[in-house]
Amino acid sequence: RFRLQAEGKVNDNWSVVGRFNVKDDLRANDSGSSAVKMDKLFVKGQMGSFGVRAGRIDVFSAYGIVYDEFMDGLEVSYARNNWYAVARYGNLETLDDNSVANKILGSEFANAKSYDAYQIEVGAPIGDRFNVKAAYWHFDTKEGKNLGIWEAGFAATFAQDWKVTASVADQSSGTDFVGL
Numbered sequence: 001r002f003r004l005q006a007e008g009k010v011n012d013n014w015s016v017v018g019r020f021n022v023k024d025d026l027r028a029n030d031s032g033s034s035a036v037k038m039d040k041l042f043v044k045g046q047m048g049s050f051g052v053r054a055g056r057i058d059v060f061s062a063y064g065i066v067y068d069e070f071m072d073g074l075e076v077s078y079a080r081n082n083w084y085a086v087a088r089y090g091n092l093e094t095l096d097d098n099s100v101a102n103k104i105l106g107s108e109f110a111n112a113k114s115y116d117a118y119q120i121e122v123g124a125p126i127g128d129r130f131n132v133k134a135a136y137w138h139f140d141t142k143e144g145k146n147l148g149i150w151e152a153g154f155a156a157t158f159a160q161d162w163k164v165t166a167s168v169a170d171q172s173s174g175t176d177f178v179g180l
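Residues in the sequence shown are numbered from 1 upward in steps of one, following the numbering used here.
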């Protein structure tokens with residue numbers, strides 16, 4: 001795998017970010033096979049005290065167990081005195097096979113063609129070595145099914161190379177789905 005990311009400054013507050021992802025399988029035939037894809041393309045900037053990203057953005061929810069993929073949408077963030085809040089809304093084309101969202105939703109949801117989703121996330125440090133985060137996701141399929149998932153956790157850093165993270169996620173609401 002080879003990734004090439006570029007960022008171009010539009011003005012003092014805004015820039016454009018794009019990333020090419022190349023997957024090359026040298027084991028396939030004699031010449032190998034390659035697939036080149038632009039997997040991220042978004043604008044980012046500041047609007048007053050808020051950070052904004054819009055386009056195909058990478059999303060890593062709270063501790064990454066509910067969703068760790070791309071979203072075509074909008075992200076607005078706010079940070080103050082070491083705490084932060086993020087709100088996201090957009091369309092998801094795929095769910096990672098290992099995501100909690102996929103495990104909770106099962107194959108019926110995973111086979112949907114597209115999902116609309118929104119997410120709200122907050123986090124804050126507790127002292128120098130601990131942090132806590134919580135998030136809520138809401139997924140809607142084009143077929144009319146929906147589901148809410150919450151996620152919460154903490155991380156503790158004991159040394160530069162020693163960090164412990166724990167998190168939990170579960171279904172909070174929805175129709176036509178069976179949760180964990």
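From the three backbone atoms N, C-alpha and C, an ideal C-beta is built for every residue, glycine too.
One question on the structure: do TYR89 and ASP116 come within less than 9 Å of each other, judged by their Cβ atoms? Within the sequence shown, numbered from 1, the residue matching residue 89 stands at position 89. Within the sequence shown, numbered from 1, the residue matching residue 116 stands at position 116. Result yes, Cβ atoms of TYR89 and ASP116 sit closer than 9 Å.
What residue range does the beta strand (DSSP E) around GLY187 cover? Past the boundaries of the shown model lies residue 187; the chain is included only from 1 to 180, so the question cannot be answered.
Quick one, which of MET47, VAL164 and PHE42 has its alpha-carbon nearest MET71's? Here residue 71 refers to the residue found at position 71 when the sequence shown is read from its first residue. Considering only alpha carbons, the answer is PHE42.
Cβ pair GLY55, LYS37 closer than 9 Å: Numbered from its first residue, the sequence shown carries residue 55 at position 55. Numbered from its first residue, the sequence shown carries residue 37 at position 37. Result no, Cβ atoms of GLY55 and LYS37 do not sit closer than 9 Å.
Tell me the rounded alpha-carbon separation between LYS23 and GLY64. Counted from its first residue, the sequence shown places residue 23 at position 23. Counted from its first residue, the sequence shown places residue 64 at position 64. Using only the alpha carbons, I get a separation of about 23 Å.
Would you say the region 116-127 touches the region 75-89, given that touching needs at least three Cβ pairs under 8 Å? Because the criterion of three Cβ pairs below 8 Å is met, the region 116-127 and the region 75-89 touch.
Along the chain, where does the beta strand (DSSP E) containing VAL132 start, and where does it finish? The residue labelled residue 132 in the question sits at position 132 within the sequence shown. 130-141 is the extent of the beta strand (DSSP E) around VAL132.
According to DSSP, is ILE126 part of a helix, a strand, or is it coil? For the purposes of this step, residue 126 is taken as residue 126 along the sequence shown, with counting starting at 1. Looking at ILE126 - three-state DSSP - the assignment turns out to be strand.
For LYS40, which residues does DSSP report across the bridge? Position 40 of the sequence shown holds residue 40. LYS40 is bridged to ARG19.
Burial state of SER34, where buried means 16 or more other Cβ atoms lie within 10 Å: Locating residue 34 in the sequence shown gives position 34, where the first residue counts as 1. Exposed.
What are the boundary residues of the beta strand (DSSP E) that includes LYS145? Position 145 of the sequence shown holds residue 145. First-last for LYS145: undefined, no H or E at that position.
First and last residue of the uninterrupted beta strand (DSSP E) at GLY73: Position 73 of the sequence shown, counted from the first residue, corresponds to residue 73. 68-80 is the extent of the beta strand (DSSP E) around GLY73.
Residue closest to LEU147, alpha-carbon to alpha-carbon, out of TRP137, LYS9 and ALA155: Against the sequence shown, residue 147 aligns to sequence position 147. When each option's Cα is compared against that of LEU147, the closest is TRP137.
Using the C-alpha atoms, what's the distance from TRP14 back to ALA6? One-based indexing of the sequence shown puts residue 6 at position 6. One-based indexing of the sequence shown puts residue 14 at position 14. If I take the Cα positions, the gap works out to 14 Å.
I'd like the span of the beta strand (DSSP E) that includes ASN91, first residue to last. Here residue 91 refers to the residue found at position 91 when the sequence shown is read from its first residue. Counting along the chain, the beta strand (DSSP E) containing ASN91 begins and ends at 83-92.
According to the neighbour-count rule (16 or more other Cβ atoms, all chains shown, within 10 Å of its Cβ), is THR175 buried or exposed? Here residue 175 refers to the residue found at position 175 when the sequence shown is read from its first residue. Since pLDDT at THR175 reaches only 46, below the 50 mark, its modelled position is unreliable, and no value is offered.
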